[in-house]
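Have a look at the structure below before the remarks.
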Amino acid sequence: MSLLVAVTGWIPDQWLSFFRVEASGIDVVETSAAFDPEAIEYAAVWKPEPGLLARLPNLKAAFNLGAGVDALMADKTLPDIPIVRVVDPDLTQRMTEYVVWQVLHHHRGGFHYTAMQAARTWKPIPDQPAAADVRVGILGLGVLGRDAAGALLRLGFQVSGWSRSGVTMAGVTTYAGDGELDAFLAGTDILVVLLPLTDETEGMLNRSLFAKLARDGRLGGPVLINAGRGGLQIEQDLVDCLNDGTLIGASLDVFDPEPLPPTSLLWSHPRVVVTPHVAADSDPRHLAKYVVQQIRRHQAGEPLLNVVDRTKGY
Ligand code: NDP
Ligand code: OXD
């Protein structure tokens, strides 16, 4: 029995070495060397070449080495096998760090103080709002959204969340589905986006949505933080809304395409923080363990955990 490891854009040797440590008794193979497609029963992948999995006739399950499965779902030849995504406390913690970092940046006047330091100017923001005065709305109250919500609540922010099913969480005002989206947006000063990219969510971060965010908040206007996927946002709308004050700031970790082209206006926009899709990196040490444990469960006849719902696309 073999496990195929195929990662695009990451360092394959690093992943292979951690898998080989964890997977005693399992033959770990890679795409750059010859392998027998019939021997592969499991695959651990990140953005694999489309069609690769369809060429493995005995594949029993594929493990996506990230939380978001959009790249895999875009492969129209994907075989009808369970697709398992990452749910990992280390990745979750990293995302919560990113969200807290960026919320505090906007809440505490990060752009202002960076500019004032560059100008050697002592200029406090008058009447700094308290966290309790600021409403953070999380679009996507899943594994990552709920953890970030918990950390923001502990900091004292007012937190709300939007999901498809209306999942509830103590201390968080929750909204469900398209019918409650406008009400959610109307009560949000800082919009944190932790949604998957699906047919339903693609392009939803557009001018029409930004215009529905609260304009009566203590920060002087709404802020966008997107760590979900770049395909959720319409980049031109974002730039225009930042320029005309519909948004007063943004933190963006994800783009379409990635890497963000050097010509993008987002790089140099004075009210934008750009990071290169690093909000929550997948750590090979943790994920090799996670995948191999799941393979052993599956071989013992136990159900796989965190299987993607192919009809919902996440
Ligand atoms: P989950 O599947 O646990 O959560 C997704 C949330 O989005 C759920 O609350 C779900 O609602 C909601 N949702 C999905 N579609 C809709 C819809 N059409 N309408 C309303 N709500 C919807 O995912 P995770 O929290 O683990 O991850 C979220 C995303 O974060 C990933 O898909 C990935 O794109 C991104 N990500 C980015 C990283 C980075 O480094 N920038 C790292 C890791 C992930 P419901 O609860 O009702 O199903
Ligand atoms: C993920 C990611 O989905 O890295 O885990 O974006």
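Throughout the sequence shown, residue numbering follows our numbering, covering 216 to 529 in sequence. For glycine and all other residues, C-beta sits at the position ideal for the given N, C-alpha and C.
Going by C-alpha positions, L428 is about 14 Å away from G376. S378 and E415 have their C-alpha atoms some 12 Å from each other.
If you check the C-beta of E312 against ligand 1, you find no heavy atom less than 8 Å away.
The beta carbon of E237 sits closer than 7 Å to the beta carbons of A503, K504 and V507 from its chain, once the five residues preceding and following it are set aside; these are given in chain order. Secondary structure at T336: coil, using DSSP grouped into helix, strand and coil. Ranking L420, G436 and I226 by CA distance to the CA of D471 puts L420 first. Going by DSSP, I353 is part of the beta strand (DSSP E) stretching over R350 to L354. When the five nearest sequence neighbours on each side are left out, the beta carbons in the same chain lying within less than 6 Å of the beta carbon of L354 are those of W377, V408 and L410, in order along the chain.
Taking 9 Å as the cut-off, the Cβ atoms of V301 and G324 do not count as close. Between L406 and M384, the CB-CB gap reaches or exceeds 9 Å.
Going by DSSP, W377 is part of the beta strand (DSSP E) stretching over Q373 to S378. Note that the C-beta distance between G460 and G436 is below 9 Å.
The distance from the Cβ of D348 to that of R433 is about 5 Å, consistent with a contact at the 8 Å cut-off. Counting along the chain, Y505 sits inside the alpha helix (DSSP H) bounded by residues P499 to Q514. Shown here, F278 sits in a strand according to DSSP, grouped into three states.
Comparing C-alpha distances from N441 to each of L475, D404 and A494 shows the shortest one belongs to A494. Shortest gap from the CB of Y505 to any heavy atom of ligand 1: 8 Å or more. Restricting attention to L359, H327 and Y257, the CA atom closest to the CA of D305 is found in L359. Cα atoms of T478 and V488: separation of roughly 16 Å, rounded to the nearest angstrom.
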